[in-house]
Amino acid sequence: MKKIGLHQSSLNILFIKQMGKYLICGRSDGIFRSSDMGKTWKKLVLPAIENYGFNLSVSANVIYVVSNKGC
Numbered sequence: 011m012k013k014i015g016l017h018q019s020s021l022n023i024l025f026i027k028q029m030g031k032y033l034i035c036g037r038s039d040g041i042f043r044s045s046d047m048g049k050t051w052k053k054l055v056l057p058a059i060e061n062y063g064f065n066l067s068v069s070a071n072v073i074y075v076v077s078n079k080g081c
């Protein structure tokens, strides 16, 4: 992950999904978005529950996010 602009490459990637022109990447430290197919990343969401990560679903241009720790 360091090669593509994300910090702390030892953190687990929980998902990568495409949403239109964006790639969305979920890790235990937040959700990131790339508009250049993974060359650079911008953090979108900080985790509400530290180090648990998120599950997500993408529908058209909407991302639905639930913490891995549960509701």
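So the sequence shown is numbered by the numbering used here: it starts at 11 and just counts up by one.
Ideal placement from N, C-alpha and C gives every residue a C-beta, glycine not left out.
Cβ-based burial, residue i [other Cβ within 10 Å; buried from 16]
i: Gly30; result: exposed
i: Val72; result: exposed
i: Ile41; result: buried
i: Ser77; result: exposed
i: Ser45; result: exposed
i: Lys12; result: Because the pLDDT of Lys12 is 48, which lies under 50, any placement of that residue in the model is unreliable, and the number read from its coordinates should be weighed accordingly. It counts as exposed.
Residues bridged to residue i [DSSP beta-bridge criterion]
i: Met29; result: Tyr32
Minimum C-alpha distance to residue i - residue among the options
i: Trp51; options: Val75, Tyr32, Ser77, Asn22; result: Tyr32
i: Lys53; options: Val76, Asp46, Ile34; result: Ile34
i: Asp39; options: Ala70, Ser69, Asn65; result: Asn65
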